[in-house]
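Undergrad: I am attaching a structure below and will ask some questions about it afterwards.
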Amino acid sequence: FSQKMVKICCIGAGYVGGPTMAVIALKCPAIEVVVVDISKPRIDAWNSDQLPIYEPGLDEVVKECRGRNLFFSTDVEKHVAEADIIFVSVNTPTKTRGLGAGKAADLTYWESAARMIADVSKSDKIVVEKSTVPVKTAEAIEKILTHNSKGINYQILSNPEFLAEGTAIKDLFKPDRVLIGGRETPEGKKAVQALKEEVYAHWVPEDRIITTNLWSAELSKLAANAFLAQRISSVNAISALCEATGANVSEVAYAVGKDTRIGPKFLNASVGFGGSCFQKDILNLVYICECNGLPEVANYWKQVIKINDYQKSRFVNRVVSSMFNTVSGKKIAILGFAFKKDTGDTRETPAIDVCHGLLGDKAQISIYDPQVTEDQIQRDLSMGKFDWDHPRHLQPTSPTAFKQVSVVWDAYEATKGAHGLCILTEWDEFKTLDYQRIFDNMQKPAFVFDGRNVVDPEKLREIGFIVYSIGKPLDAWLKDMPAVA
Ligand code: UDX
Ligand code: UDX
Ligand code: ADP
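In the UniProt record's numbering, the protein residues as written are 144 to 628.
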């Protein structure tokens with residue numbers, strides 16, 4: 144491409160496409176980057192002062208590049224036609240019906256993007272998979288493109304994104320690695336080199352750019368997410384044992400993580416992992432294993448999700464059993480609804496399952512999250528839970544449930560008059576709340592259920608709270624209550 148300006152088009156202006164393209168535009172001023180999406184409200188938001196996603200540092204990057212070499216547009220076909228490199232970053236949810244429902248990835252959006260590319264292209268293209276897709280998707284896409292090619296040469300690359308929400312900009316600036324997979328043909332190798340040199344080498348050190356074959360790149364992304372999720376399920380499984388034995392999961396995780404073969408990161412016990420990736424990617428991995436006649440491998444990974452579901456129901460059971468086995472009509476404050484701190488994203492957040500559990504026991508819940516809107520919360524809670532083992536939509540929460548839910552804009556408001564409070568997201572501000580003030584305004588006995596280990600249980604006990612923290616030694620009070628789960 145060296146003679147002319149490289150043009151990049153990214154299909155899908157979501158959590159992955161938006162921040163990734165903004166950073167490419169920032170780091171490669173000589174490349175024109177256009178992010179396209181079929182959703183007009185999304186594109187309008189990207190072109191406004193109120194970006195559609197909350198991500199620390201993103202505003203600054205977008206402000207610097209937008210209108211210079213970064214553009215957001217709904218004119219999908221025009222920009223795809225003009226691009227040299229097309230990133231595909233559309234959503235790939237889990238299929239909810241038909242073959243593989245509950246496990247397989249729904250590639251509808253991917254396929255329609257591929258067909259559109261084939262329709263409008265008039266010059267050679269490098270097509271890059273950015274969204275996590277099942278292994279061998281590249282092959283399917285390649286087929287769609289080459290069978291509709293009209294003489295155009297397409298090279299398919301897999302370049303999975305490893306950014307985590309809440310730290311997306313930091314992760315993109317200084318990635319642990321960039322992974323590029325391609326065909327091992329001369330044209331394939333040339334395409335891999337082009338993506339590496341024209342784009343990533345502008346800011347990522349050479350030794351952090353890994354090149355592999357297509358299948359390795361696709362599988363590495365699924366495997367990395369499965370390993371990460373497995374660490375959390377492992378420490379969460381240990382947390383249950385800690386509560387039963389009097390060990391402290393923070394001490395155990397610290398001691399275990401000191402082993403350099405294990406490492407200290409990603410060992411925080413919690414109410415459960417959430418987010419759009421972990422469960423979806425593991426279900427996908429499970430499905431692929433089953434399709435390849437590997438049921439033992441499938442069951443091994445499935446267990447990671449089962450422990451995560453167990454952890455969420457264990458939490459709900461702990462709340463209900465501590466409060467004399469009923470929360471009916473009691474106000475419970477929920478602090479934090481996002482699936483992790485520093486994001487407004489609620490996809491697969493454990494808060495949804497915990498709230499459903501409490502609503503099922505007829506609690507009145509009052510929710511506060513610094514970044515999630517009331518609309519979003521009501522939408523999330525009104526949807527039926529998708530049961531991956533028995534694919535069908537369970538009954539959505541009954542209409543009366545809406546009366547049981549209120550969303551407020553302040554932690555003190557949420558906890559006023561409450562019998563208990565649950566911390567479900569590790570927002571920094573929850574560490575420094577005035578817990579004495581909260582205690583004074585709650586019903587007694589006042590309960591704290593810390594699903595993220597953000598508070599110091601001893602300090603809260605001094606104030607007078609009855610405290611449950613995941614994986615920590617139990618209050619005498621809680622020990623007397625019936626066993627959980
Ligand atoms: C994840 C991967 O980290 C990222 O590499 C991939 O590209 C997308 O999926 P993300 O889902 O955005 O990123 O956030 P992550 O930080 O991985 O957290 C996922 C969930 O695990 C959150 O609910 C988080 O609270 C939980 N978690 C994480 C724990 O419960 N304990 C931990 O120690 C770490
Ligand atoms: C282990 C622990 O490492 C040590 O900390 C503990 O005190 C005792 O148990 P050991 O069994 O002596 O030590 O050897 P280790 O190096 O851990 O290997 C155990 C087995 O795992 C071996 O059969 C080894 O070949 C195998 N292994 C190890 C793998 O198959 N793959 C690996 O990546 C690492
Ligand atoms: P991710 O977290 O993987 O980035 P998102 O759901 O946040 O996923 O973003 C995916 C985006 O892709 C959505 O904004 C959706 O509107 C967009 N999209 C889906 N299909 C197409 C398509 N065929 N053409 C353009 N945009 C699409």
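Virtual Cβ for every residue (Gly too), placed ideally from N, Cα, C.
If you're wondering where the values come from, they're calculated on a predicted model, not measured in any experiment.
In the DSSP assignment, find the beta strand (DSSP E) that holds Thr354 and state where it starts and stops.
TA: First-last of the beta strand (DSSP E) with Thr354: 352 to 356.
Undergrad: If you reduce the DSSP assignment to three classes, tell me which class Ala412 lands in.
TA: In this structure, Ala412 counts as coil in the three-state DSSP scheme.
Undergrad: Flag this pair as yes or no: are the beta carbons of Ala224 and Lys183 separated by less than 8 angstroms?
TA: Going by C-beta atoms, Ala224 is not nearer than 8 angstroms to Lys183.
Undergrad: Quick one: any contact between the segment 459 to 472 and the segment 491 to 501, if contact means 3 or more CB pairs under 8 angstroms?
TA: In short, these stretches touch, since the Cβ pair count reaches three.
Undergrad: Here's the rule: buried if 16 or more other CB atoms are within 10 angstroms of the residue's CB, otherwise exposed. What is Leu537?
TA: Note that Leu537 scores 43 on pLDDT, short of 50, meaning its location in the model is unreliable and no value can be drawn from it.
Undergrad: Any heavy atom of ligand 1 closer than 7 angstroms to the beta-carbon of Ala307?
TA: Under cutoff, so the answer is yes.
Undergrad: With a threshold of 16 other CB atoms inside 10 Å of the CB of residue 641, please say whether the residue is buried or exposed.
TA: The question about residue 641 has no answer here: the residues shown for the chain are numbered 144 through 628.
Undergrad: How many whole angstroms separate the CB atoms of Arg320 and Ile353, which I take to be in contact at a CB cut-off of 8 angstroms?
TA: Confirmed, about 5 angstroms.
Undergrad: For a test of your reading of the model: does the CB of Phe416 fall under 7 angstroms from any non-hydrogen atom of ligand 1? Yes or no.
TA: Because some heavy atom of ligand 1 lies under 7 angstroms away, the Cβ of Phe416 counts as near it: yes.
Undergrad: Please state if the CB of Lys474 and the CB of Ser509 are separated by a distance shorter than 8 angstroms.
TA: In this structure, Lys474 lies closer than 8 angstroms to Ser509 by Cβ.
Undergrad: Around the Cβ of Ala372, are there at least 16 other Cβ atoms within 10 angstroms (buried) or fewer (exposed)?
TA: Buried, by the Cβ-count rule.
Undergrad: Write down the C-beta distance between Gly594 and Cys385 rounded to the nearest angstrom, noting that I regard them as a contact closer than 8 angstroms.
TA: Not a contact, Cβ separation roughly 15 angstroms.
Undergrad: Flag Cys565 as yes when its Cβ comes closer than 7 angstroms to any non-hydrogen atom of ligand 4, and as no otherwise.
TA: This structure lacks ligand 4; its bound ligands are ligand 1, ligand 2 and ligand 3.
Undergrad: Starting from the C-beta of Ala481, find all residues in its chain whose C-beta is less than 7 angstroms away, skip the five residues before and the five after it, and write them out in chain order.
TA: Same-chain partners within the cutoff: Gly487, Asp488, Thr489, Thr492, Asp512, Gln514, Val515, Thr568.
Undergrad: Are the CB atoms of Lys455 and Asp424 nearer to each other than 8 angstroms?
TA: Result no, Cβ atoms of Lys455 and Asp424 do not sit closer than 8 angstroms.
Undergrad: Write down the C-beta distance between Ala412 and Asn596 rounded to the nearest angstrom, noting that I regard them as a contact closer than 8 angstroms.
TA: Ala412 to Asn596, Cβ: 7 angstroms. Contact.
Undergrad: Using CA atoms only, rank isn't needed, just tell me which of Lys449, Ile323, Asn356, Trp358 is closest to Val342.
TA: The shortest C-alpha separation from Val342 is found at Ile323.
Undergrad: So Val395 is in the alpha helix (DSSP H); what residue range does that whole segment cover?
TA: Segment 392 to 400, the alpha helix (DSSP H) holding Val395.
Undergrad: Could you tell me the alpha carbon to alpha carbon distance between Lys238 and Thr251, rounded to whole angstroms?
TA: For Lys238 and Thr251, the distance between alpha carbons rounds to 9 angstroms.
Undergrad: Helix or strand or just coil, what does DSSP make of Cys434?
TA: Residue state, collapsed to three classes: helix.
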